Structures are given as C-alpha cells and as structure tokens.
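What follows is a single structure, written as structure tokens, with notes after it.
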Amino acid sequence: MPLIHEEPADTLSGHRASSPDGNGSTQPMHPDRGTREMAEAMFARHVRLRTFAEGVREMDSLAARFPAHGRFHLLAMRLRDRSEGRPAALAGWTRLAEQFPHCGEAFVIVVRTVLRMTGRDAARAIIEARFPDGAPAMPDLGMWARAWEEVGEHARVDAALSALLENDSTSVGVGSLHAGLLRRRGDLPAAQAVLERLPHVSTDETPAAQDDAVANQLAVLRRDRKLLARRGLGDTAARNMHQAVLHDCLVSAIARRGRPPAMRGPVGRVIMFNGSLGAGGAERQLVNTAVGLTRAARAGEGIGHYHLDGPVEVACRALDDRPHGDFFLSDLTSAHIPVDCYGQIPADVARSDAAVAGIRDVLHLLPAPVDGATARVATWLRQRRPQVVHLWQDGMVLAAGLGAVLAGVPRIILSVRSAPPPDRPERDRPEYQMLYQTLLSAPGIVLTANSRFAARRYATWLGIDEARVRVIYNGVRPLADTPRGDSAVFMADFDAQVPATRTIGTVMRLDDNKRPLLWLDCAARMLAQRPDLRFIMVGDGPLAKQCHVHARRLGIADRVLFTGRRPDVGFWLRHFDVFVLLSRWEGLPNVLIEAQAAGIPVVTTPAGGAAETLIDGVTGIVLPDAISPDIHAVSAAVLSLLSESVTSVATIARDARRVATERFSLLTMLGKTMEAYVE
Numbered sequence: 001m002p003l004i005h006e007e008p009a010d011t012l013s014g015h016r017a018s019s020p021d022g023n024g025s026t027q028p029m030h031p032d033r034g035t036r037e038m039a040e041a042m043f044a045r046h047v048r049l050r051t052f053a054e055g056v057r058e059m060d061s062l063a064a065r066f067p068a069h070g071r072f073h074l075l076a077m078r079l080r081d082r083s084e085g086r087p088a089a090l091a092g093w094t095r096l097a098e099q100f101p102h103c104g105e106a107f108v109i110v111v112r113t114v115l116r117m118t119g120r121d122a123a124r125a126i127i128e129a130r131f132p133d134g135a136p137a138m139p140d141l142g143m144w145a146r147a148w149e150e151v152g153e154h155a156r157v158d159a160a161l162s163a164l165l166e167n168d169s170t171s172v173g174v175g176s177l178h179a180g181l182l183r184r185r186g187d188l189p190a191a192q193a194v195l196e197r198l199p200h201v202s203t204d205e206t207p208a209a210q211d212d213a214v215a216n217q218l219a220v221l222r223r224d225r226k227l228l229a230r231r232g233l234g235d236t237a238a239r240n241m242h243q244a245v246l247h248d249c250l251v252s253a254i255a256r257r258g259r260p261p262a263m264r265g266p267v268g269r270v271i272m273f274n275g276s277l278g279a280g281g282a283e284r285q286l287v288n289t290a291v292g293l294t295r296a297a298r299a300g301e302g303i304g305h306y307h308l309d310g311p312v313e314v315a316c317r318a319l320d321d322r323p324h325g326d327f328f329l330s331d332l333t334s335a336h337i338p339v340d341c342y343g344q345i346p347a348d349v350a351r352s353d354a355a356v357a358g359i360r361d362v363l364h365l366l367p368a369p370v371d372g373a374t375a376r377v378a379t380w381l382r383q384r385r386p387q388v389v390h391l392w393q394d395g396m397v398l399a400a401g402l403g404a405v406l407a408g409v410p411r412i413i414l415s416v417r418s419a420p421p422p423d424r425p426e427r428d429r430p431e432y433q434m435l436y437q438t439l440l441s442a443p444g445i446v447l448t449a450n451s452r453f454a455a456r457r458y459a460t461w462l463g464i465d466e467a468r469v470r471v472i473y474n475g476v477r478p479l480a481d482t483p484r485g486d487s488a489v490f491m492a493d494f495d496a497q498v499p500a501t502r503t504i505g506t507v508m509r510l511d512d513n514k515r516p517l518l519w520l521d522c523a524a525r526m527l528a529q530r531p532d533l534r535f536i537m538v539g540d541g542p543l544a545k546q547c548h549v550h551a552r553r554l555g556i557a558d559r560v561l562f563t564g565r566r567p568d569v570g571f572w573l574r575h576f577d578v579f580v581l582l583s584r585w586e587g588l589p590n591v592l593i594e595a596q597a598a599g600i601p602v603v604t605t606p607a608g609g610a611a612e613t614l615i616d617g618v619t620g621i622v623l624p625d626a627i628s629p630d631i632h633a634v635s636a637a638v639l640s641l642l643s644e645s646v647t648s649v650a651t652i653a654r655d656a657r658r659v660a661t662e663r664f665s666l667l668t669m670l671g672k673t674m675e676a677y678v679e
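Residue numbers (full-length UniProt numbering): 1 to 679.
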C-alpha cells in the first residue's frame, strides 16, 4: 500500500458556499477551479524541490482562506508529514481526521502511525471509536476497510464486504473495493472471483470489453495471472502472489549468480546499505564501521587478519524523506566516504537495465518496498561492481536483498540489530521468514547479529543452527565530553536553578518503546525519597510534548531538564551519576555502552541484548522485567547505586569503563566485520 493514497475530492469538500470575512462581506468557502489547480501545482513543485517547510506555510495560508475546503488542509498535511516526520505530524493528521471525518487518508494514516508507535490494541480502539456500529455505508466503507486492513483484520473486512455483496449484488463500488484489497494482499483468484460475480461485468477478455473501471481492474488481474502462469506459478501461488513472486525471483537470481569465487587477497569495494542516516543506533554503528574500515584501508593497515583495499561506500534510499534523515551524513563526508541515494534513480531507467532482464515483467508483482527498490539497487550495483554488500536492518534486507543477488555481488552480509520481525508484530511482514531462509540458502550470504539474544532469536525463528549467525558486538569509542552549540550555557542555567547532589539521566528517543513517561514516574518516586535529586532527559521524539505535560502533572517539572536532540551526548553523560533506560525492546543499546565508557553505572530493563552490555551487580543493574517494569524496583535499583561509598563508586566507574572498552572495542568490531566479509 502506498504511503499516501489519493483521496476523492468529494470526501473533502462540500457544496459551494460563502462565509463572512473580517469586514462583514462574504468570501467563497470553496475555491474556484483556477485556485484549485494552482494549489495542486504548488504542492507538486514543493514535493519535487523537497521544500516541504515552505510548502506547509503556503498551503496553510490557502487552507486558512478556505477553511471548509478539505483538499487544501490535506495537501498541507502531506507536506507537513514530509517536513516534520510521521510521528511528529500525528497530531495534525488526527485533527484533520476529526475536522473532515470523511477523509479516509487522514484516518488511515492515524491508525497506521498509532499501530507502529503504540501497538495493535491502541489502533483497534481508534477504529472502534470511529465506527462503533461496524461497517458503514459508502463512501466511508473504504476508510473502514483500509483501517482494519492496516491492523491485519482481513477476516473482519472480508466478512463485512461479502455480506454487503450478498445483500446487494449490484454494488459495484463494494465489489471493486473488495477486489482491490484482495489484490493488495496478493490473492489474485479471490479478487478476480469477486469482480466476475458482479452483474454487467463481461467475461470477455478482449480489450473492447474493457470499457469501465471495473472491467479494467478485471483485465489487470487476468493479465497478472497469465504472467504468473508463464513463470510456472499456478493458482496456489496466485493466492499468495507477493511471497510467491519474491521467492521465484530469488531462486532464479541465486541460480544465475552461482557460487562466487573464494575471497583471496585484500577485500575490494564494500557498499553499505541503510534506509537513511538518521539519529539511530544502527546508523551510528554503520558510520563507525564505514569510517573505521576506510581509515585502516587508507593507512594500509591490516584489520584483524585481513586487509581492505576498498573503497567503502554508503547507499541509502533517501536522506531527505524524513526530518534529520541526514543526521550522520557529515561524519561520512568528513571522512571522504561517498554517499549515494539509490531512490533517485529513475524507475524507467532502472527497469530497462540488463540486471533485471529475467524478472522485468513481474517487478510490479513484488511486495513493497521490493517492487520499487529491486531494479534501482540491481542497476546501481551492477555499475559499481562491489565485492561486498552489507545490508543493515530487516527493512533493507527486504528492500535490497533481491537486487544485490541480481547484481551478482559475491558476498552479501545481512546485519540484524534487534529481535526478529515476529517479536515486533506491528513491523512484521509475511515475506520476511521466506526471504531470510532463501537468501541464506545461497553461498556467500552471511547473517550477523549484534547480540547473542538476537542471534538466538533469529536462529530459532529461521530454523537454523545458532552457530550460523555471527555475533558482532557494537564497537563504541568513548564520546568527547566537550559541549557543542548552547549546551554549556543550557547546563549552567540548570545548575544555577536546580542545585542538587546527584543527577539521574538518560539519552533516548522519546517514543512509546523507550517509555519516557514511565521514566518520569520513576523520577517522581525517587524524588519523594531523595529530594536532593535532579534529572536530565536528552532526546526528542513523538512524546516530547507529553513528557513536559506529564512532568508538570507530577509536580517535578522544576527538577527535570529536557535538552531535546543533542549531538554532544558525551558532554551530557559527564553530568550523570546513574543512567536509566526502560526500553520495551532493544537490539544492543549503544547508549548503555557509552554511559559505562564514561564511568557511569546503568540501570536497564532486560530488553533484547541490553543485559549483554553490562555486568549485572557490578557495573549496573538489570531489572527483572522489560514488559511491565515496576516503578518501585526501578527506584530501588537507582537509589542503591547512589548509596554506594565513594570507594565503591570509583570501583564501579573503573569496571564500567573496562567492560565498555574490552567487550565493545571498535577494533574488535572491525576485525569481526572483516571476518564476515571473507570467511
């Protein structure tokens, strides 16, 4: 399903009317045709030039002039979504869905975003609140169905739409909607059957019979089933089209690639792939790896037992499709590491490339985002001819795995950074398990994880020996503790206003997974027992405003410093006495390692590989529960560390630095990475 679908104009604007302006005269509530066309052109220009913030201002101005014309509000929100990012724009989408209740696009985006941020139960609650009586009539039926599709309630949608068709078999709109949803899921026979049962739909397959939208929809289904049949994929595959086509393309590409020659001599060009260079832990490790390998190669130094001639390059889907998507770009450019965006390759150019000659006719049948990425990735890699492609995170394995095989890359690394997709159902995809299993059946394709926890979980999920998953711990170097920007002044003001003997801190994205509201609840509990405490929360995210409100509600706002996103994490760490992280799930949290490298004891939930970053009871405390951490247990753990003697504090700091530097050294990570490239 595309990120944003087109909304019928009649769901967003009503009859032409007038409203009084500030001078008592009237102005049209709805714009004339010229104004509407100008707005559409303005929107397209800002998208093309990627001037989203400027576009928001211009479109907001139009929306203010015509408050009843929902289309302008919708275009403004699309631009705001690109400018601020989906989580930050959620409040705006929610307001739009409330102001224009027939705007399906806004409502479905709200459901999708809440699903990813908070989970299925919260998303279901939103749908049930909007539609307490079940499936509505058209045109809201499409909104209802798409919303339930987002949370995976396919049976509910099928039952409701089938019942409507049973009661009124002439409802072409319902039939077309149902067929479209079935095709999007990949069930072509079921979609075709729905359309063929509609009255006045011809079973003639000649072009002359395709006179209307439904007939054209039926013609496309018939064409695609013929394409599948020509590849030897029958009705069983047609009922699970996306997986079947992806598997077929992978198997044929693996067969053409054959067995790559053994790696001999220095390693050549390495290309690392990730979605963006945003401010995330995986992105930081990608940058550390790319920069570390590049420096060693340019110095002619060995890395472990191997040498790298390089070069090392980085490829992303895009850097500007979400806020701060280029957060780490300067780290790479300052090291003179090339960064490219494969998403900029024109689709028609990529599809005409020889790399996809064998699958060109079925590219459109692949699941998203494989359909859009495969030709671009394969074309670009065929031109670059790397010896190693290093795919970071599940999403990039899905998007670029097939393209790397089609390009004949000899060594492909699948680098996972957290629990497998089924452990995070809001991010799971039905194709993932088959994708990993098929890729790992090919020679020269290696799976790595950054924690033993992740290695165990992926091995169990994929039904492979855990020894096949190479564990490469994150490599972390102590962060510089010098301030940047206004950080020193910001901290000095806090020191002057909130003198305290001890400081509890954290560095995290302020989202539901990291649970900053619970963190503040724990802060209030600790403050009740130790009035001399203060708290620093470094980071930004969709819950930032709620955190400020929650701190005021708890009566601790004057004891908490919210710094927002900061590039100088090391400076802030040096002011902490204890570091606390309360994540629901994790990969291997860099920030726990960095805190210990700064000599700070940590308290963490056992989420993912978090417990592997410390020595429990020596350099910090691992809480018993990651799902529902107990406030009293968190407070007790932190206060126990604060009660240590001066001598014990010094010992903890020494041990914490030792764990961080020995277990998570950058050189060790680089050496094990080279082993994965070669062995």
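We put the CB at the ideal spot given by N, CA and C, even for glycine.
Quick caveat, the model's predicted, so the values are computed rather than measured.
Notebook entry, point to check: Just how far apart, CA to CA, sit Ala375 and Ser643?
Noted result: One-based indexing of the sequence shown puts residue 375 at position 375. One-based indexing of the sequence shown puts residue 643 at position 643. Looking at the two C-alpha atoms, the distance is approximately 60 Å.
Note to self: From the DSSP secondary-structure annotation, give me the bridge partner or partners of Tyr306.
What the structure shows: Here residue 306 corresponds to residue number 306 of the sequence shown, with the count starting at 1. DSSP lists Ile303 as partners of Tyr306.
Note to self: Considering only their Cβ atoms, is the gap separating Gln437 from Val414 smaller than 7 Å?
What the structure shows: Your numbering for residue 414 matches position 414 in the sequence shown. Your numbering for residue 437 matches position 437 in the sequence shown. Just to set this straight, residue 414 is Leu in the shown sequence, not Val. Taking the C-beta atoms as reference points, Gln437 is found no nearer than 7 Å to Leu414.
Checklist line | For Glu431, three-class secondary structure by DSSP | finding: Working through the sequence shown from its first residue, we reach residue 431 at position 431. Glu431 carries a coil assignment under DSSP once its states are collapsed to helix, strand and coil.
Check: Any contact of the segment 122-129 with the segment 147-163, i.e. 3+ C-beta pairs under 8 Å?
Finding: With a cut-off of 8 Å, the segment 147-163 and the segment 122-129 count as touching, because enough Cβ pairs lie within range.
Next item on the list: Count the C-beta pairs between the segment 507-521 and the segment 471-486 that are closer than 8 Å, then say yes if the count reaches three, no if not.
Entry: Because the criterion of three Cβ pairs below 8 Å is not met, the segment 507-521 and the segment 471-486 do not touch.
Item checked: CB of Thr94 within 7 Å of CB of Val110, strictly -> Taking the first residue of the sequence shown as position 1, residue 94 is located at position 94. Taking the first residue of the sequence shown as position 1, residue 110 is located at position 110. The answer is yes: Cβ separation under 7 Å.
Check: In or out: Arg256 buried (at least 16 other Cβ within 10 Å) or exposed?
Finding: Indexing the sequence shown from 1 puts residue 256 at position 256. Flag for Arg256 reads exposed.
Note to self: Which same chain residues end up closer than 6 Å to Gln210 when comparing Cβ atoms and leaving out the 5 residues on each side of it in sequence?
What the structure shows: Position 210 of the sequence shown, counted from the start, is the residue given in the question as residue 210. With a pLDDT of only 41 at Gln210, under 50, the local geometry of the prediction cannot be trusted, and the value read off the model is given with reservation. For Gln210, where only same-chain residues beyond five positions count, the Cβ hits under 6 Å are Asn216, Ala219.
Margin query: Since Leu592 and Val602 should fall inside the 8 Å C-beta cutoff, what is the C-beta to C-beta distance between them, to a whole number of angstroms?
Written below: On the sequence shown, position 592 is the one that residue 592 refers to. On the sequence shown, position 602 is the one that residue 602 refers to. With a contact defined as Cβ atoms closer than 8 Å, Leu592 and Val602 qualify at about 5 Å.
Margin query: Quick check on this structure: which residue in Ala492, Asp394, His390 has the alpha carbon closest to the alpha carbon of Ile445?
Written below: As a position in the sequence shown, residue 445 is number 445, starting the count at 1. Cα-wise, what sits closest to Ile445 is His390.
Note to self: Considering only DSSP beta bridges, list what Ile271 is partnered with.
What the structure shows: Here residue 271 refers to the residue found at position 271 when the sequence shown is read from its first residue. In the DSSP assignment, Ile271 is bridged to Glu313, Val389.
Next item on the list: Output the boundary residues of the beta strand (DSSP E) element that contains Thr604.
Entry: Translated into positions along the sequence shown, residue 604 becomes position 604. Here the beta strand (DSSP E) through Thr604 covers 602-604.
Item checked: Beta-ladder partner(s) of Ala449, from DSSP -> In the sequence shown, residue 449 corresponds to position 449, counting from 1. Per DSSP, Val416, Val471.
Margin query: Taking contact to mean 3 or more Cβ pairs, one atom from each stretch, closer than 8 Å, check whether the segment 528-540 and the segment 240-251 are in contact.
Written below: Remark: fewer than three beta-carbon pairs, one from each stretch, lie closer than 8 Å, so the segment 528-540 and the segment 240-251 are not flagged as touching.
Next item on the list: Check whether the Cβ atoms of Asp428 and Arg574 lie closer than 7 Å to each other.
Entry: Translated into the one-based positions of the sequence shown, residue 428 becomes position 428. Translated into the one-based positions of the sequence shown, residue 574 becomes position 574. The Cβ atoms of Asp428 and Arg574 do not sit closer than 7 Å to each other.
Check: Buried or exposed: where does His178 fall if 16 or more other Cβ atoms within 10 Å of its Cβ makes it buried?
Finding: The count along the sequence shown starts at 1 and reaches residue 178 at position 178. Looking at its Cβ environment, which holds 16 or more other Cβ atoms inside 10 Å, His178 is buried.
Next item on the list: Ignoring anything shorter than 4 residues or poking outside the segment 312-357, list the alpha helix (DSSP H) runs there in chain order.
Entry: Within the segment 312-357, the complete alpha helix (DSSP H) runs of at least 4 residues are 329-334, 347-351.
Checklist line | Proximity below 7 Å, CB of Ala290 to CB of Gln393 | finding: Here residue 290 refers to the residue found at position 290 when the sequence shown is read from its first residue. Here residue 393 refers to the residue found at position 393 when the sequence shown is read from its first residue. Against a cut-off of 7 Å, the Cβ pair of Gln393 and Ala290 comes out as no contact.
Note to self: Short of 7 Å in beta carbon distance, which residues of its chain neighbour Glu58, apart from the five on each side in sequence? Order them along the chain.
What the structure shows: Your numbering for residue 58 matches position 58 in the sequence shown. Cβ-Cβ distances below 7 Å link Glu58 to Met42 in the same chain, with the five nearest sequence neighbours on each side left out; the list follows chain order.
Note to self: Can you tell me where the beta strand (DSSP E) holding Leu533 begins and where it ends?
What the structure shows: Translated into the one-based positions of the sequence shown, residue 533 becomes position 533. First-last of the beta strand (DSSP E) with Leu533: 533-538.
Next item on the list: Whole angstroms is fine: what's the gap from Ala17's alpha carbon to Cys547's?
Entry: Taking the first residue of the sequence shown as position 1, residue 17 is located at position 17. Taking the first residue of the sequence shown as position 1, residue 547 is located at position 547. Caution is warranted here: a pLDDT of 43 is assigned to Ala17, below 50, making its placement in the model unreliable, and the coordinate value is therefore given only provisionally. Taking the straight line from one Cα to the other gives about 42 Å.
Notebook entry, point to check: Going by beta carbon distance, what residues of the same chain come within less than 7 Å of Arg477, once the five residues before and after it are set aside?
Noted result: Locating residue 477 in the sequence shown gives position 477, counting from the first residue. Counting only Cβ-Cβ distances below 7 Å, and skipping sequence neighbours, we find Leu666.
Note to self: Tell me the rounded alpha-carbon separation between Pro346 and Leu221.
What the structure shows: Walking along the sequence shown from the start, residue 346 turns up at place 346. Walking along the sequence shown from the start, residue 221 turns up at place 221. Put simply, the backbone Cα of Pro346 is about 26 Å away from that of Leu221.
Item checked: Simplified DSSP assignment, three categories, for Phe562 -> Sequence index remark: in the sequence shown, residue 562 carries index 562 (1-based). Correct three-state label for Phe562: strand.
Check: When the cut-off is 7 Å and only beta carbons count, does Ala299 lie next to chain C?
Finding: Absence of chain C from the displayed structure is noted, only one protein chain being present.
Item checked: Ile109: first and last residue of the uninterrupted alpha helix (DSSP H) it sits in -> Position 109 of the sequence shown, counted from the start, is the residue given in the question as residue 109. Where Ile109 is concerned, the enclosing alpha helix (DSSP H) stretches over 104-118.
Notebook entry, point to check: Would the beta-carbon of Leu277 fall within 7 Å of that of Asp326?
Noted result: If you number the sequence shown from 1, residue 277 lands on position 277. If you number the sequence shown from 1, residue 326 lands on position 326. Between Leu277 and Asp326, the C-beta gap is smaller than 7 Å, which places the two residues in contact.
Item checked: Extent of the continuous beta strand (DSSP E) to which Ile621 belongs -> Here residue 621 corresponds to residue number 621 of the sequence shown, with the count starting at 1. Counting along the chain, Ile621 sits inside the beta strand (DSSP E) bounded by residues 620-622.
Checklist line | Nearest-angstrom Cα separation, counted from Phe107 out to Ser169 | finding: Translated into positions along the sequence shown, residue 169 becomes position 169. Translated into positions along the sequence shown, residue 107 becomes position 107. Looking at the two C-alpha atoms, the distance is approximately 28 Å.
Notebook entry, point to check: Just how far apart, CA to CA, sit residue 680 and Arg264?
Noted result: The question about residue 680 has no answer here: the residues shown for the chain are numbered 1 through 679.
Next item on the list: Give the single residue among Gly343, Val646, Gly280 whose Cα lies nearest to the Cα of Asn590.
Entry: Position 590 of the sequence shown, counted from the first residue, corresponds to residue 590. Residue Gly280 is the option with its Cα nearest to Asn590.
Notebook entry, point to check: When you compare only the Cα positions, how much space is there between Val356 and Val388?
Noted result: For the purposes of this step, residue 356 is identified with residue 356 of the sequence shown, where counting begins at 1. For the purposes of this step, residue 388 is identified with residue 388 of the sequence shown, where counting begins at 1. So the two alpha carbons sit approximately 20 Å from each other.
Margin query: Applying the 10 Å Cβ sphere with the 16-neighbour rule, what's the burial state of Tyr677?
Written below: Against the sequence shown, residue 677 aligns to sequence position 677. Burial call: buried.
Next item on the list: Go ahead and label Met38 buried or exposed: buried means 16 or more other beta carbons lie within 10 angstroms of its beta carbon, across all protein chains shown.
Entry: Start at 1 with the first residue of the sequence shown, and residue 38 comes out as number 38. By the 10 Å Cβ count, Met38 comes out exposed.
Check: In angstroms, rounded to a whole number, what distance separates the CA positions of Ala89 and Asp224?
Finding: Against the sequence shown, residue 89 aligns to sequence position 89. Against the sequence shown, residue 224 aligns to sequence position 224. Separation of Ala89 and Asp224 (C-alpha to C-alpha, rounded to the nearest whole angstrom) is 37 Å.
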